[in-house]
Every structure is written in C-alpha cells, then in structure tokens.
Amino acid sequence: MYKILVLLTLFGAKYVESQEKINIDVFYEALCPDSFDFVENQLGPTWNDIKDYVNLNLVPFGKSAIFNGGTSVQCQHGQRECEGNRVMSCALHKIQDPSTAVHFVKCYMNRFIRYARRDRQEFGESCVTKAGLNWNLDVKQCYESQLGTRLQLNAENQTNTYQPDFIPTIVYNKVFDQGLQDESLYNFKSTACTLIKKQYPQAC
16 MYKILVLLTL FGAKYVESQE KINIDVFYEA LCPDSFDFVE NQLGPTWNDI
66 KDYVNLNLVP FGKSAIFNGG TSVQCQHGQR ECEGNRVMSC ALHKIQDPST
116 AVHFVKCYMN RFIRYARRDR QEFGESCVTK AGLNWNLDVK QCYESQLGTR
166 LQLNAENQTN TYQPDFIPTI VYNKVFDQGL QDESLYNFKS TACTLIKKQY
216 PQAC
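Shown next, in the form of structure tokens:
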C-alpha cells in the first residue's frame, strides 16, 4: 500500500511538471488596505492549495509613477509606500521559492501597514530574516543602489502593461479579465481553482 501511495505521489508530481502551469500576476502596493486584505485573506490562505499548479509573479508598484529615469517616484499613499515597494522589489528579487515570497510579502505588509512611521529596517528586518535573507547584503544594498531603481522601473513597466484602474489587480495567463478580477478579490481560491482545474482536474 505504501509503495502504491509513493508511486501515485510521484506520478502526480511528474504530471504537474509535464503540464503548463497557470500564470498569476498580482499587482499591489505597500500601503494599500485593499492590497493588504487580498494578501492576508485571499492569497495567503489559498497558496498551499494552488502552489503546485501556479507560476506566481508579485509586482509591488500599484498606482505609482517614476520620473526622470528613477530619480523621482510618486506613490498613491505617499513616500513611505514608495520605500515599501522598493524594499519588497529587492527582497523578491533574491527570493527564489514562491512560497517563501508569499510568506514574506504577507509578513512585510502586515508589519508595514501597522508600523509605517518607524524606520524601515526596524520592522522589515524580521520578515527578511524569516525569508532566509540578510537585511544589509540582500535588501539594503539593493535598496540604495541602481538595482533597486531598475527593479522598480521593471515593476512599473509590468504594471503599465495592464493600466489597472484598481489595486490590487490580479491577472491570469497574462490577459486581464474584469470578471475574474472582481471574483478574485472576494473568492480568490474558487476563481483560481476554476482555471486550474481546466488543466489539472485533480487539483484544489
């Protein structure tokens, strides 16, 4: 019986590897209450159920704008949000594991919204450490360098591809659909699983 279970598990893993995963892009911003609500109550609780079937792309930019090649940035909820977006871009650039990325963003946004007035290292370092990164080497150096600027310019380009009217915006397979967007904000698991099941009937 044990051998059968092992074989079934291995077969399931190979089946997932052989199929194309669903692409999900999440466009969000650091101090947006709706972004935090989606990460905390939709993406976070759903992730373990869909992680084997999804390519996840987290894009921290939202309704921001970059001017003069990156020397000036304006964000919807003020300058501290610009800082938070940049910190997350730097950390996500280093994080290779999608599950770690989800847990990091959930941790960071939870603390950032509550403690935004504090020094960014004071509340952000614990989330960075939990993600297996070093604050000074992996985040601070990036944040204070041109790499941080390039990462946010890339986030801006990705976001502007869809010109979102609302943040967060959730895009499936690189095509924006208003109906899927509306459903995702309130029942992300059901929405994602409906699409996933078209390719992976055994999922969710």
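Numbering follows our numbering, in which position 102 of the sequence shown is assigned residue number 117; successive positions increment by one, without gaps. Backbone N, C-alpha and C define an ideal beta-carbon position, used for all residues, glycine too.
Nearest neighbour of residue i, chosen from the options [CA to CA]
i: residue 218; options: 61, 57 and 40; result: 61
i: residue 221; options: 141, 76, 83 and 149; result: Look at the range of the chain in this structure, 16 to 219, and you will see that residue 221 is not part of it.
i: residue 92; options: 66, 127 and 113; result: 127
i: residue 123; options: 113, 114, 109 and 142; result: 142
i: residue 168; options: 109, 151, 88 and 180; result: 88
Own chain, CB closer than 6 Å to residue i, minus 5 neighbours either side, in chain order
i: residue 72; result: 40
i: residue 25; result: Interpretation of residue 25 is limited by its pLDDT of 43, a score under 50 that renders its predicted location unreliable; the figure taken from the coordinates is listed afterwards. Correct list: empty, nothing qualifies.
Residue burial classification, residue i (beta-carbon count within 10 angstroms, cutoff 16)
i: residue 144; result: exposed
i: residue 207; result: buried
i: residue 19; result: Low local confidence applies: a pLDDT of 43 at residue 19 is under 50, so the model's placement there is unreliable, with the coordinate-based value given in what follows. So residue 19 ends up on the exposed side.
i: residue 129; result: exposed
i: residue 100; result: buried
i: residue 190; result: exposed
i: residue 164; result: buried
i: residue 22; result: Reliability of the predicted coordinates at residue 22 is poor, the pLDDT of 40 falling under 50, and no value is obtained from them.
i: residue 86; result: exposed
i: residue 35; result: exposed
i: residue 57; result: buried
DSSP beta-bridge partners of residue i
i: residue 89; result: 80
i: residue 42; result: 74 and 184
i: residue 37; result: 69
i: residue 190; result: 187
Same chain, Cβ closer than 7 Å to residue i, five either side skipped, listed in chain order
i: residue 64; result: 204 and 219
i: residue 107; result: 73 and 116
Min CB distance residue i to chain B below 8 Å
i: residue 190; result: Here chain B cannot be found, since the structure has a single protein chain.
Cβ-Cβ separation, residue j to residue i (assumed contact under 8 Å), whole Å
i: residue 43; j: residue 216; result: The Cβ separation is near 30 Å, so there is no contact.
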